[in-house]
Each structure stands twice: as structure tokens, then as C-alpha cells.
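Visitor:
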Amino acid sequence: GQNIDQPTEMTATEGAIVQINCTYQTSGFNGLFWYQQHAGEAPTFLSYNVLDGLEEKGRFSSFLSRSKGYSYLLLKELQMKDSASYLCAVGTGNQFYFGTGTSLTVIP
Amino acid sequence: EAQVTQNPRYLITVTGKKLTVTCSQNMNHEYMSWYRQDPGLGLRQIYYSMNVEVTDKGDVPEGYKVSRKEKRNFPLILESPSPNQTSLYFCASSGPLTQYFGPGTRLLVL
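As you go down the protein sequences, you meet chains X and S in turn. In terms of my numbering, the first sequence opens at residue 1 and continues consecutively. In terms of my numbering, the second sequence opens at residue 1 and continues consecutively.
1. Cα-Cα, which of X:GLU55, X:PRO108 and X:ALA89 is closest to GLN37 (chain X)?
2. Note down the Cα distance separating LEU51 (chain X) from TYR97 (chain X), rounded to an integer number of angstroms.
3. Please determine, among X:TYR24, X:SER85, X:TYR70 and X:LYS57, the residue with the shortest C-alpha to C-alpha distance to GLY1 (chain X).
4. Could you name the residues that DSSP lists as bridge partners for LEU76 (chain S)?
5. Going by DSSP in three states, ASN30 (chain X) sits in which element: helix, strand or coil?
6. Could you tell me which residues DSSP pairs with ILE20 (chain X) in its beta bridges?
7. Below 8 Å between beta carbons is the criterion; list the residues of the stretch 65-94 of chain X that meet it against any residue of chain C, in chain order.
8. Could you round the C-beta distance between GLU14 (chain X) and ILE107 (chain X) to whole angstroms and report it? I think they count as a contact, below 8 Å.
9. Quick one: list the residues of chain S neighbouring THR100 (chain X), beta-carbon separation under 8 Å, in chain order.
10. Around the C-beta of ASN28 (chain S), are 16 or more other C-beta atoms found within 10 angstroms, so that it is buried, or is it exposed?
11. Does the count of Cβ pairs from the stretch 62-76 of chain X and the stretch 8-15 of chain S closer than 8 Å reach three?
12. Three or more beta-carbon pairs under 8 Å between the stretch 47-60 of chain S and the stretch 71-85 of chain S, yes or no?
13. Could you tell me the alpha carbon to alpha carbon distance between ASN30 (chain X) and GLY93 (chain X), rounded to whole angstroms?
14. For the stretch 17-28 of chain S, which residues have a beta carbon sitting closer than 9 Å to at least one beta carbon of chain X?
15. Please compile the residues from chain X whose C-beta is within a distance smaller than 8 Å of the C-beta of THR98 (chain S).
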């Protein structure tokens with residue numbers, strides 16, 4: 001089966017840096033995706049990694065190690081609006097598998 | 001504006017009454033899919049379609065049907081809904097590197 005694990009909840013302070021980890025065990029790998037989902041809304045794309053290493057996009061960065069089945073999403077200079085769920089997803093073959101999401105709360 | 005639309009956004013129905021949730025995209029994507037999202041279980045893929053007239057089962061297809069007669073539309077059909085199909089449903093359309101999600105349909109089956 002496919003297994004994608006991420007922490008259920010995290011709390012961080014406004015202006016700080018937070019790292020959300022994701023580990024996966026899947027049969028096949030086409031890429032790893034991170035999405036942001038605010039309560040009651042649709043997920044929106046944040047980042048995509050297919051090769052090992054760090055991809056940086058403004059305040060958000062994502063890292064992938066395929067040999068370890070590991071990724072993280074790094075959020076810098078946290079803002080209150082970053083309070084949301086962050087979903088890790090793996091593409092395999094023609095399908096996508098999602099973790100259960102990490103609910104991030106940013107406190108003043 | 002690139003978008004995925006779903007209708008209805010909210011639906012309350014009763015067990016056994018057939019319903020269809022429509023999904024449409026304007027990005028000319030070949031790949032489309034349906035997900036359900038439940039607390040503690042995350043997003044799970046129900047069905048996906050690689051192109052017109054090509055559909056395949058995802059992880060949780062039981063109780064659902066889909067069709068893909070045109071590239072832009074990918075309706076989800078519940079022929080005989082049951083209470084365990086109460087959920088939040090998302091349609092998605094995939095470009096080369098990402099999926100674009102519709103706004104979601106919140107379904108309650110009594």
C-alpha cells in the first residue's frame with residue numbers, strides 16, 4: 001500500500017521559521033507536492049519536487065530526499081495568514097496519494 | 001481566468017436518491033480526478049481520467065461512477081447514495097506539474 005506520514009498539528013510564532021516534515025513509502029514516484037488548504041477552502045499548490053534537493057519559492061521552500069522517502073516544507077517569516085493545513089502528496093503512476101495534512105497555527 | 005468549477009456547492013439528500021455533481025475546467029487539461037476529504041483520512045482519490053473516454057478507479061471508487069464524454073467535463077455520479085458517502089468532494093484538473101482544485105461540494109446523505 002501507499003503510506004504518507006506528516007505531523008497532525010504544529011504551532012509556531014509570527015515571524016519565525018517552521019519546518020513541516022513528510023515521509024512516504026509508495027510503489028512508484030513521479031514527484032512530491034505540497035499544498036496549502038485554508039479551512040473550508042480548496043487546496044492550492046505550493047511546490048513540486050521530483051529531484052533531490054531544495055526548491056525555493058519566496059518565503060516557502062521544499063526539500064526532497066528520494067533515497068530516504070523524506071520531504072519537508074519550510075516556511076520563513078511566518079505570517080498570521082499562514083495558519084492553514086499543509087498537505088503532502090506523492091504522484092505515482094497515474095494516481096496521487098495525500099497525507100492527512102498538518103494543521104499549522106501561527107500565534108502572535 | 002483558469003478555473004475548475006463544481007456544482008452544487010452544498011447538497012443535502014436522502015439515502016438512495018441518485019445525484020450528480022458536475023465538474024468543469026477551462027484549461028484544456030487531459031487529466032482530471034475526483035477526491036473525497038474526510039477528517040483524519042485526508043484527501044482520497046475516487047476516480048481519475050487520463051483523457052476523453054478514459055477513466056480508471058482510484059483508491060475509494062465503491063459507490064461512485066464517472067464519465068468523460070468531453071475534455072472539459074468530468075461529472076461524479078452517486079447512483080444510490082448512502083450516509084457513509086457524506087463528505088467534502090473536490091474535483092481537480094492537472095497541468096504538467098500541479099493539480100488545480102475546484103471549490104468543493106459538501107454532501108450530506110441522510
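Ideal placement from N, C-alpha and C gives every residue a C-beta, glycine not left out. What you are looking at is a predicted structure, and each value in this text was computed from that prediction instead of being measured.
Guide: In brief:
1. Counted from its first residue, the first sequence places residue 37 (chain X) at position 37. Among X:GLU55, X:PRO108 and X:ALA89, the Cα nearest to that of GLN37 (chain X) is on X:ALA89.
2. Translated into the one-based positions of the first sequence, residue 51 (chain X) becomes position 51. Translated into the one-based positions of the first sequence, residue 97 (chain X) becomes position 97. Whole-angstrom Cα-Cα distance: 18 Å.
3. Walking along the first sequence from the start, residue 1 (chain X) turns up at place 1. Among X:TYR24, X:SER85, X:TYR70 and X:LYS57, the Cα nearest to that of GLY1 (chain X) belongs to X:TYR24.
4. Indexing the second sequence from 1 puts residue 76 (chain S) at position 76. Answer is S:VAL21 and S:VAL66.
5. Residue numbering aside, residue 30 (chain X) sits at position 30 when the first sequence is read from its first letter. The answer is coil: DSSP assigns ASN30 (chain X) none of H, G, I, E or B.
6. If you number the first sequence from 1, residue 20 (chain X) lands on position 20. Its beta-bridge partners are X:LEU73.
7. In the displayed structure, chain C is absent; the protein chains listed are X and S.
8. The residue you call residue 14 (chain X) lines up with position 14 of the first sequence. The residue you call residue 107 (chain X) lines up with position 107 of the first sequence. Right, their Cβ atoms sit about 7 Å apart.
9. Here residue 100 (chain X) refers to the residue found at position 100 of the first sequence. In chain order: GLY40, LEU41 and GLY42.
10. Walking along the second sequence from the start, residue 28 (chain S) turns up at place 28. Exposed.
11. no
12. yes
13. On the first sequence, position 30 is the one that residue 30 (chain X) refers to. On the first sequence, position 93 is the one that residue 93 (chain X) refers to. Answer to the nearest angstrom: the Cα atoms are 7 Å apart.
14. none
15. Taking the second sequence and counting its residues from 1, one reaches residue 98 (chain S) at position 98. Those within 8 Å of THR98 (chain S) in chain X are PHE33, PHE45 and TYR48.
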